[in-house]
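*Asks:* Numbering (UniProt numbering), first residue to last: 1 to 76.
We put the CB at the ideal spot given by N, CA and C, even for glycine.
This one's a predicted model, so the numbers in the text were calculated from it and none came from an experiment.
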Amino acid sequence: MSLKVDESWSFVSSKQRQRWLWWVEEAKTGEVVAFVFGRRTHQTFRALMTLLEEARISVNRWITDAWCRAAGAGLL
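#1: Please classify A34 as buried or exposed, where buried requires at least 16 other C-beta atoms within 10 Å of its C-beta.
#2: CB-CB under 6 Å to R40, same chain, minus the five flanking residues each way: which ones, in chain order?
#3: By DSSP, does R56 sit in helix, in strand, or in coil?
#4: Expressed to the nearest angstrom, what Euclidean distance is found between the alpha-carbon atoms of T44 and W9?
#5: Where does E7 land, buried or exposed, given buried means 16+ other C-beta within 10 angstroms?
Here you go:
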């Protein structure tokens, strides 16, 4: 399965209180297979990867932007 991982942000009350939505979608269909809310940190990215592991989703190919690759260093 080819999966695309991406993130988007917003804030709560002020820009100092950023919240990020991270999601993984199937590359061909766009179906979201996992998502998490959190900060833009390695820990939040790892939580997303844990959801995929628990769902036993096998990934043959990752599609990412540069930051997701950096966050997932050693995980993707």
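*Replies:* Let's see:
#1: For this step, residue 34 is matched to residue 34 along the sequence shown. The residue is buried, with at least 16 neighbouring Cβ atoms inside 10 Å.
#2: Taking the sequence shown and counting its residues from 1, one reaches residue 40 at position 40. Closer than 6 Å at Cβ, skipping near neighbours: W20.
#3: What you label residue 56 is simply residue 56 of the sequence shown in a count that begins at 1. In this structure, R56 counts as coil in the three-state DSSP scheme.
#4: For the purposes of this step, residue 44 is taken as residue 44 along the sequence shown, with counting starting at 1. For the purposes of this step, residue 9 is taken as residue 9 along the sequence shown, with counting starting at 1. Each residue's Cα considered, the two are about 13 Å apart.
#5: Position 7 of the sequence shown holds residue 7. Under the 10 Å beta carbon count, E7 is surrounded by 16 or more other beta carbons and is classified as buried.
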